[in-house]
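Engineer: Following this message is one structure expressed as structure tokens.
This is the structure in structure tokens:
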């Protein structure tokens, strides 16, 4: 069992939000509350939308009076589940790529392949993602008929977005995991297993996997953070998860709309209010920040857990502290380093 | 010589992957593989005739190479300035931090974890709002929050925006690496010999962590180029990504990315070569 405060804090932030979002949609049908004008007890209007953040509206409301917190809650499940799915897929794909890289390639070829793959360090992910995803996610228009359409269906759009965001990092991540595996293979106990006649499969299953799996969880957390950041970027460029609904009406076009209130849509829609009503614009971005922090906490907590899991309790440390106290109390000698130069 | 060959290979492969990727939207739009290869071919030919490339500027075709240099160097200044400042600040502060007692270091690390998780968009928004707020309160305009047109150059704001997060990343990474290095035997020996802690830190430990930091800086740069696009769009800066984003053709993307890649590639190659030479020499000793 993982005994780490940081890990569980992060875990509960993420999964608490997903669960509450699902509950919100199942029991309350995701009804986002809309308040356009607030009245006092004499029915005189005192305030109109957009409202600043307050007890009544934790994240404020948008100009139409929709509660931002409700929207965030409604969209959380889409964003977070897709982030987790993309993170898992990234790690699994790269892992599959890494196996032949570490097991069947001689050291020299692997090194040079590594060099070649590092050319991907110079191709920035956001730019590529924007470039490749815009034909998929943006609504198109047929000019003569004025008919709005998407090239792909809703499910295909989501599938393609997940696949593309996964595949773009596989070269880098694959070579990274391959290196991790190769360095495990160089350990002494692997040599021991080889001497005792273990097959490659057995080495992989019994020795490499237990070593690598915990590290992969940390890699997964980092990948989730990266996906969240890309979602904010895509949101800013009006590429929303699952498609952007663009109004092609030339006279009074509505701003681009997200189809499901997922968070990158909220970021994209509200960013224009940054000067007039900062609270509206910042709300969804801050939610992204909280989620990123939660994933970081999980990674850090898990790392700590890995370092301390083989240490039985902390009794030893405590006794040494006691000893030190006792030594200090006796005052017979003092450490040289404390005496001052 | 061998290294030069390898680097050339790497550079060519980078170009090739950029060109291959730039054809992808065609594949997605038409769901047709042969159209994709057709597009890749045109991009490739276009790249070979680099000096004849044209782009659309407000509906008028203009030669690409004539117009690109100024915005290109402007973008590079911002990018390199930010990277350099972030690195230097982080290095100096790391030395300072390592002199502090352990519990303070732990607090600093926790704060850094928090800062690390700020989304970059939030940082840009806060900088933008901060400048306006200062202006409203005191009437002092720290810097323009947006540039107007191609002639107007702003430096302070975009560089600040770009450097903040890389600075945090560098700082945290340096602290972690240096702390790990401080536990090694040679540090203990030199401290026992009576060398000053700061001296050991600056002259011995930093040299040994520099290789790890160098590899780490690649991923920081990767992140920064993405951010450059965002910063240039948010602050309406007329840099290289302006051409990339507003003329949304595969040829344009490929050309701009290749231009962006070349200087960084050369610099990293130079560093790698130095490190390789350096580590080889120490092995011989």
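Chains as they are written, first to last, in our numbering: chain A, 1 to 341; chain B, 1 to 285.
Where a beta carbon is used, it is the ideal one built from N, C-alpha and C, also for glycine.
Computed from a predicted model, the values in this text were never measured in an experiment.
1) Distance cutoff 8 Å, beta carbons only. Does residue 121(A) sit that close to anything in chain B?
2) Of all the beta strand (DSSP E) runs that stay within the bounds of the segment 139-218 of chain A, which reach a length of 3 or more residues?
3) Could you tell me whether the segment 90-105 of chain A touches the segment 197-211 of chain B, where touching means 3 or more Cβ pairs closer than 8 Å?
4) By the three-class DSSP mapping on this structure, what secondary structure does residue 79(A) have?
5) Excluding sequence positions up to five away, which residues of its chain have a Cβ less than 7 Å from the Cβ of residue 254(B)?
6) Using a Cβ cut-off of 7 Å, pull out every chain B residue sitting near residue 131(A), in sequence order please.
7) Expressed to the nearest angstrom, what Euclidean distance is found between the alpha-carbon atoms of residue 211(B) and residue 176(B)?
8) Do the CB positions of residue 25(B) and residue 250(B) come within less than 8 Å of each other?
9) Can you tell me the Cα-Cα spacing of residue 294(A) and residue 264(B), whole angstroms?
10) Identify, in the order they occur along the chain, each residue of the same chain with its Cβ nearer than 7 Å to the Cβ of residue 225(A), setting aside the five sequence neighbours on each side.
11) Tell whether a beta-carbon distance below 8 Å holds between residue 131(B) and residue 117(B).
12) If you reduce the DSSP assignment to three classes, tell me which class residue 105(A) lands in.
13) Is residue 316(A) helix, strand or coil when you go by DSSP?
14) Is any beta-carbon of chain B found at less than 8 Å from that of residue 344(A)?
15) Secondary structure at residue 142(B), three-state DSSP: helix, strand or coil?
16) Note down, in chain order, every chain A residue with its Cβ under 7 Å from the Cβ of residue 128(B).
17) Using Cβ-Cβ distances below 9 Å, what residues of the segment 219-231 of chain B are close to chain A?
18) Could you tell me whether the Cβ of residue 236(A) comes closer than 8 Å to any Cβ of chain B?
19) Cβ of residue 65(B) within 7 Å of any heavy atom in the ligand FAD?
20) Looking at the structure shown, is residue 74(B) part of a helix, part of a strand, or coil, going by DSSP?
21) Please classify residue 94(A): is it buried, with 16 or more other beta-carbons within 10 angstroms of its beta-carbon, or exposed?
22) Put residue 275(A) into one of helix, strand or coil per three-state DSSP.
23) Take residue 220(A) and list the residues in its own chain whose beta-carbon comes closer than 7 Å to its own, dropping the five residues that flank it on each side.
24) Pull up the CB-CB distance for residue 342(A) and residue 218(B), whole angstroms please, since I reckon it's below 8 Å.
25) What does the alpha-carbon distance come out to for the pair residue 83(B) and residue 259(B)?
26) Determine the chain B residues that contact residue 281(A) at a beta-carbon separation under 7 Å, and present them in chain order.
27) So residue 121(B) packs on residue 236(A), CB below 8 Å; how close in whole Å?
28) Rounded to whole angstroms, how far is the Cβ of residue 164(B) from the Cβ of residue 123(B), which I believe are closer than 8 Å?
29) How about residue 298(A) and residue 11(A): do their beta carbons lie closer than 8 Å?
30) Looking at the unbroken beta strand (DSSP E) that takes in residue 37(A), where does it start and where does it end?
31) Could you check whether residue 76(A) and residue 234(A) sit closer than 8 Å to each other, using their CB atoms as the reference points?
32) Of all Cβ atoms in chain A, is any one closer than 8 Å to the Cβ of residue 193(B)?
33) Answer with yes or no whether the minimum CB distance from residue 119(B) to chain A is below 8 Å.
34) Can you pull the DSSP bridge partners for residue 61(A)?
35) Rounded to whole angstroms, what is the Cα-Cα separation between residue 278(B) and residue 270(B)?
Structural biologist: With the given structure in hand:
1) yes
2) 140-142, 147-149
3) no
4) helix
5) 18, 19, 22, 43, 47
6) In chain order: 25, 253.
7) 14 Å
8) In contact: residue 25(B) and residue 250(B) (Cβ atoms closer than 8 Å).
9) 33 Å
10) 292, 295, 296
11) no
12) coil
13) At residue 316(A) the pLDDT is 48, less than 50, meaning the model places this residue with poor confidence and gives no usable figure here.
14) Any property of residue 344(A) remains undetermined from this structure, which presents chain A solely from 1 to 341.
15) Coil, per DSSP.
16) 274
17) 219, 221, 222, 223, 224, 225, 226, 227, 228, 229, 230
18) yes
19) Although the ligand FAD was asked about, the structure shown includes no ligands whatsoever.
20) helix
21) buried
22) coil
23) 87, 88, 91
24) No answer is possible for residue 342(A): the residues shown for chain A start at 1 and end at 341.
25) Between residue 83(B) and residue 259(B), the C-alpha separation is close to 18 Å.
26) 125
27) 6 Å
28) 5 Å
29) yes
30) 37-39
31) no
32) The beta-carbon of residue 193(B) is placed no less than 8 Å from the nearest beta-carbon of chain A.
33) yes
34) 67(A)
35) 12 Å
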